[in-house]
Amino acid sequence: MGTVLDLTCCEQADCVVLGINNPARSALIVEQIKNEYPLTPIFARTYDRHSAIELTKLHVDFQIRETLESALVLSKAAMMKLGVDEVEATEIVENVRLLDRERFKEELIYGTSAELIRKYFTPKPFFKPQQEAEALNEDAAEILAEEAVESNAESKEK
2 MGTVLDLTCC EQADCVVLGI NNPARSALIV EQIKNEYPLT PIFARTYDRH SAIELTKLHV
62 DFQIRETLES ALVLSKAAMM KLGVDEVEAT EIVENVRLLD RERFKEELIY GTSAELIRKY
122 FTPKPFFKPQ QEAEALNEDA AEILAEEAVE SNAESKEK
């Protein structure tokens, strides 16, 4: 009687494609396959950044994050609906991908830190809004007023 891995014929596989919705289980499966069949490539669908980092550290050959890819597709569609042309929307998405790859590499090496998160999460617009923001309540009006003052101060410094 063989193990589950024996029954899956991993030793004969050109690659293993892993796409389950359980990050801990995915990591365990990758560890087992890499221990028993280290030369068998593993292609994994991961849920989020944390699980992608974990599987990358376990030496998967390729991983794709569900949450990242769906967010980028959704964002591009929304930008185009708001009037951004397709070429610019594509460039913006590619810029976000580049920033994400840089952050991912740093997190693999150094781990996650507040400083690293601040480095990549300083909010800034990727394209100029088509119209001015409109406050829907008092709190929003205060925030917009503060941003206008900050923006004017930055303009004067330049």
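Using the working numbering, you'd call the opening residue of the sequence shown number 2 and step up by one each time. In this text, a Cβ means the ideal position worked out from N, Cα and C, and glycines have one as well.
Cβ-based burial, residue i [other Cβ within 10 Å; buried from 16]
{"i": "R26", "result": "exposed"}
{"i": "L40", "result": "exposed"}
{"i": "I34", "result": "buried"}
{"i": "M80", "result": "buried"}
{"i": "E108", "result": "buried"}
{"i": "M2", "result": "Here the model assigns M2 a pLDDT of 41, short of 50, so the residue's position is not dependable, and the following value carries that caveat. So M2 counts as exposed."}
{"i": "L8", "result": "With a pLDDT of 49 at L8, under the threshold of 50, the modelled position of this residue cannot be trusted; read the value that follows with caution. L8 is exposed by the Cβ-count criterion."}
{"i": "V88", "result": "exposed"}
{"i": "R102", "result": "exposed"}
{"i": "I30", "result": "buried"}
{"i": "V150", "result": "exposed"}
{"i": "A154", "result": "exposed"}
Residue nearest to residue i in terms of C-alpha spacing, selected from the options
{"i": "V74", "options": "I93, D62, V61 and F63", "result": "I93"}
{"i": "K106", "options": "E151, E133, E70 and A53", "result": "A53"}
{"i": "L100", "options": "Y121, I110, G112 and V88", "result": "Y121"}
{"i": "C16", "options": "Y38, A28, E55 and S152", "result": "Y38"}
{"i": "E32", "options": "R50, T57, Q13 and S71", "result": "T57"}
{"i": "I118", "options": "R50, L29, A28 and C10", "result": "R50"}
{"i": "S76", "options": "T91, F63, S152 and Q64", "result": "T91"}
{"i": "A14", "options": "A28, L29 and P42", "result": "P42"}
{"i": "L83", "options": "Q132, S114 and C10", "result": "Q132"}
{"i": "E95", "options": "T113, E116 and E70", "result": "E70"}
8 Å CB neighbourhood of residue i in its chain, flanking five on each side removed
{"i": "Y48", "result": "N22, P24, R66, E67 and T68"}
{"i": "L145", "result": "A134 and A136"}
{"i": "A142", "result": "A136"}
Nonlocal neighbours in the same chain, by C-beta distance under 7 Å from residue i, ignoring five residues either side
{"i": "V18", "result": "F44"}
{"i": "H60", "result": "K35"}
{"i": "Q64", "result": "A45, T47, A53, L56 and T57"}
Chain-order list of residues whose beta-carbon lies under 6 Å from that of residue i (same chain, five-residue window excluded)
{"i": "Y111", "result": "none"}
Segments assigned alpha helix (DSSP H), at least 4 residues, entirely inside the stretch 91-149: List check, alpha helix (DSSP H) in window: 115-121.
Report the residue ranges of all alpha helix (DSSP H) runs contained in full by the stretch 20-53; include only those spanning at least 4 residues, in chain order. If you keep only unbroken alpha helix (DSSP H) runs of at least 4 residues inside the stretch 20-53, you get 24-37.
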